[in-house]
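Counting from 47, one number per residue, gives the positions in the sequence shown under this note's numbering. Read the structure below first, then the notes.
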Amino acid sequence: MALAFAGVAMLVGLTACTFDDPEPTGPSTARPTPSAPGAAAPTAPEFRPELSATENQPYFDWVNGGVIAANAAAGGRDFIDALAAAGFDKAQMQVTADTTTIGDPADSVQFSVLFQGECLVGQYGPKSDGYHGAVRPPLGTGTCLVGQTRPIDW
């Protein structure tokens with residue numbers, strides 16, 4: 047009985063806190079602050095073209111995370127343009143279509159960079175449970191993505 051009462055009291059307390067909070071005005075743009083006084087703020091990963099794809103994956107993921115933070119509905123071109131601006135070679139990239147063959151939005155978009163003999167691969171979309179990045183070996187064709195990709199002609 048006491049346990050049930052404590053659970054109800056906690057639920058009422060949490061509910062009351064919810065009503066006192068002001069309505070959110072939109073996504074927060076605040077960056078986390080260091081927890082220890084005098085600690086340095088985390089730094090963004092650096093692009094190191096002389097290193098492997100695996101060693102550059104944190105940078106690849108960081109760039110793609112920035113795309114998503116700027117536009118939650120980002121499509122393939124958004125990722126390709128950001129990766130090219132970040133230093134990756136556009137001529138070594140592939141991207142899938144943003145829409146299906148019947149014009150519906152694609153469940154996800156995949157994009158890749160052939161880099162140092164490996165593939166940096168990203169996937170993002172409503173059916174992919176957020177963003178995913180990986181390093182994979184290139185296909186026998188020397189490319190990174192299976193299936194039809196769209197030309198990167200912009």
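Every residue, glycine too, gets a C-beta built ideally from N, C-alpha and C. A quick note: this is a predicted structure, and the numbers were derived from the prediction, not measured.
On the criterion of 16 or more Cβ atoms from any shown chain inside 10 Å, does residue i qualify as buried, or is it exposed?
{"i": "Pro-197", "result": "exposed"}
{"i": "Gly-171", "result": "buried"}
{"i": "Ala-131", "result": "exposed"}
{"i": "Ala-120", "result": "buried"}
{"i": "Asp-67", "result": "Only weak support exists for where Asp-67 lies, its pLDDT of 37 falling under 50; the coordinates are left without a value."}
Using C-beta distances below 8 Å, list every residue in its chain close to residue i, excluding the 5 sequence neighbours before and after it, in chain order.
{"i": "Pro-70", "result": "Residue placement at Pro-70 cannot be trusted, given a pLDDT of 35 that sits under 50; the coordinates are not used to answer."}
{"i": "Thr-100", "result": "Glu-164, Val-181"}
{"i": "Gln-194", "result": "Thr-142, Ala-143"}
{"i": "Gln-138", "result": "Val-159, Leu-160, Phe-161"}
{"i": "Gly-133", "result": "Phe-93, Pro-95"}
For residue i, which residues from the same chain have a beta carbon less than 6 Å from its beta carbon, with the 5 sequence-adjacent residues on both sides left out?
{"i": "Leu-191", "result": "Gln-140, Gln-156, Ser-158"}
{"i": "Asp-153", "result": "Gly-171, Lys-173"}
{"i": "Ser-98", "result": "Gln-162"}
{"i": "Gln-169", "result": "Ser-154, Gln-156, His-178"}
{"i": "Asp-135", "result": "none"}
Confirm, please, whether the CB-CB distance from residue j to residue i is below 8 Å.
{"i": "Thr-23", "j": "Gly-122", "result": "What is shown of the chain runs 47 to 200, which leaves residue 23 out entirely."}
{"i": "Tyr-177", "j": "Ile-126", "result": "no"}
{"i": "Tyr-105", "j": "Glu-96", "result": "no"}
{"i": "Gly-111", "j": "Ala-128", "result": "no"}
Looking only at its own chain, which residues have a Cβ that is under 7 Å from the Cβ of residue i, when we skip the five neighbours before and after it?
{"i": "Gln-103", "result": "Leu-166, Gly-179, Val-181"}
{"i": "Asn-117", "result": "Asp-124"}
{"i": "Ala-90", "result": "Trp-108"}
Worksheet item: Contact between the segment 183-195 and the segment 157-167: three or more CB pairs below 8 Å?
Response: With the cut-off at 8 Å, the segment 183-195 and the segment 157-167 touch.
Worksheet item: Can you list the beta strand (DSSP E) stretches of 3 or more residues lying completely in the segment 114-165, in chain order?
Response: 139-141, 155-161
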